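Quick notes on the structure that follows.
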Amino acid sequence: MYTPKLRVLRVSAVNDFRRSDKRSEESRDSVLSHFEIIKDFRSCMALEFQKAVLDLIEQVTGGVIDHEVPDWLKRPGKIECGNRWPLICQMYQELTGLELPELMPTKEWRQVDGILKCGTLAPRIIEVDEVQHFNCYRSTMLRLYPRAVPLAFDRNAWIKQSQAKVRLETGKFDMPMPPLFDCEHGRHMQRSFRDALCDILPQDYGFSPTLRIAYFEMAGWDKKNKMWSNVNDARKKMKALLADHNIPN
0 MYTPKLRVLR VSAVNDFRRS DKRSEESRDS VLSHFEIIKD FRSCMALEFQ
50 KAVLDLIEQV TGGVIDHEVP DWLKRPGKIE CGNRWPLICQ MYQELTGLEL
100 PELMPTKEWR QVDGILKCGT LAPRIIEVDE VQHFNCYRST MLRLYPRAVP
150 LAFDRNAWIK QSQAKVRLET GKFDMPMPPL FDCEHGRHMQ RSFRDALCDI
200 LPQDYGFSPT LRIAYFEMAG WDKKNKMWSN VNDARKKMKA LLADHNIPN
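With the first letter of the sequence shown counted as 1, position 199 gets the number 198 in numbering that gives the first Met the number 0; the numbers rise by one all the way through.
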């Protein structure tokens, strides 16, 4: 595991920048590469955590998790959104102040973390929400959800966590995302908008409510080297967590 080295690497890179007046361009590029390593480290850790959570859900539910995104969710436009279209347009305007095109641009395709399939039960989208999923934009979207939309997570808890964030993540988590979110904080806006689509549309296509597992719900779970240090304990905790989300297991 590289966790103990992360803080040292970051501090070293910052100190290098402070002394950069007398450094060559080659040295500065080397310092920049340190920051790229940190970004890659965080991405790998997020994917590792996501996979571990999905594997645990499979074990507890006895289901199978698929990763094929339904056609209606890949690039949902006016046709795919159906009666939800006015709401989806309102959400987009709240974020950007712009009008949402009826046909979703080609570049706006998306993925999901997984789709849980358990016997004869309706399929269910599963999303593992890391820290970057919580911010002021996500809070704005959640407040616009109709009360009648069923959710397999606590909307108020998600809003509270989103409002508590003081500083947005930067770098690739914050870059403009043209064509729909070609602005400052574009990636944060895009993520919150896509999360909303993933929560609101599934019930119109025969899916069970989207299940979201947040990073803060698993705080303190003992995980080491890509495995839960105590698998049986992790399974018990996941069973309890799924029960809290009204998921049969």
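Beta carbons are placed, not taken as given, at the ideal position from N, Cα and C, and that holds for glycine.
Because the structure is a prediction, the values reported are computed rather than measured.
Original post:
Out of curiosity, what's the CA-to-CA distance linking N155 and M237?
Top reply: In a straight line, the C-alpha of N155 is about 21 Å away from that of M237.
Original post:
For the candidate residues G76, A151 and D194, whose alpha-carbon lies nearest to that of T105?
Top reply: G76
Original post:
Could you give the residue range of the beta strand (DSSP E) that holds E126?
Top reply: R123 to D128
Original post:
Applying the criterion that 16 or more other CB atoms from any shown protein chain within 10 Å of the CB defines a buried residue, is G170 buried or exposed?
Top reply: Exposed, since its Cβ has fewer than 16 Cβ neighbours within 10 Å.
**OP:** Mind the definition here: the segment 111-130 touches the segment 192-204 only if three or more C-beta pairs lie below 8 Å; say whether that holds.
**Re:** yes
Original post:
Between the Cα of F152 and the Cα atoms of L241, G62 and H66, which residue gives the shortest distance?
Top reply: L241
**OP:** Could you pull out every residue in the same chain whose Cβ sits closer than 6 Å to the Cβ of S138, ignoring the five residues on either side in sequence?
**Re:** I158, S161 and Q162
**OP:** Kindly indicate which residue of T119, E93 and W84 has the alpha-carbon position closest to the one of R142.
**Re:** E93
Original post:
Per DSSP, S207 forms a beta bridge with which residues?
Top reply: R123
Original post:
Do R193 and R83 have their CB atoms nearer than 8 Å?
Top reply: no
Subject >> Presumed contact (8 Å Cβ cut-off) between Y136 and M188, rounded CB distance >> reply: A Cβ-Cβ distance of about 5 Å is found for the pair Y136 and M188, placing them in contact under the 8 Å criterion.
**OP:** Count the other CB atoms, across all protein chains shown, that sit within 10 Å of the CB of R27; report buried if there are 16 or more and exposed otherwise.
**Re:** Caution is warranted here: a pLDDT of 40 is assigned to R27, below 50, making its placement in the model unreliable, and no coordinate value can be reported.
Original post:
If you run the structure through DSSP and keep just helix, strand and coil, what is V165?
Top reply: DSSP places V165 in coil when its eight states are reduced to three.
Subject >> From V230, V52 and P247, residue whose alpha carbon lies closest to that of D112 >> reply: Comparing Cα-Cα distances from D112 to each of V230, V52 and P247, the minimum goes to V52.
Subject >> 6 Å Cβ shell around Q131 - same chain, five flanking residues per side excluded >> reply: E168 and F172
Subject >> Proximal residues to S191 (C-beta, below 6 Å), its chain only, five neighbours per side dropped >> reply: Y136, R137 and M140
Original post:
How many Å lie between P69 and G185 at the Cα?
Top reply: 25 Å
**OP:** Could you tell me if I78 is buried or exposed, where buried requires 16 or more neighbouring beta carbons within 10 angstroms of its beta carbon?
**Re:** exposed
Subject >> Residue range of the alpha helix (DSSP H) that includes L72 >> reply: D70 to K73
**OP:** Please classify L115: does DSSP put it in a helix, a strand, or coil?
**Re:** strand
Subject >> Reduced DSSP category for M176 - H, G, I as helix; E, B as strand; rest coil >> reply: strand
Original post:
Taking buried to mean at least 16 other C-beta atoms within 10 Å of its own C-beta, is T119 buried or exposed?
Top reply: exposed
Original post:
Going straight from the alpha carbon of N248 to that of L86, what length do you get?
Top reply: 33 Å
**OP:** Please name the residue or residues paired with I64 in a DSSP beta bridge.
**Re:** Paired residue(s): L115.
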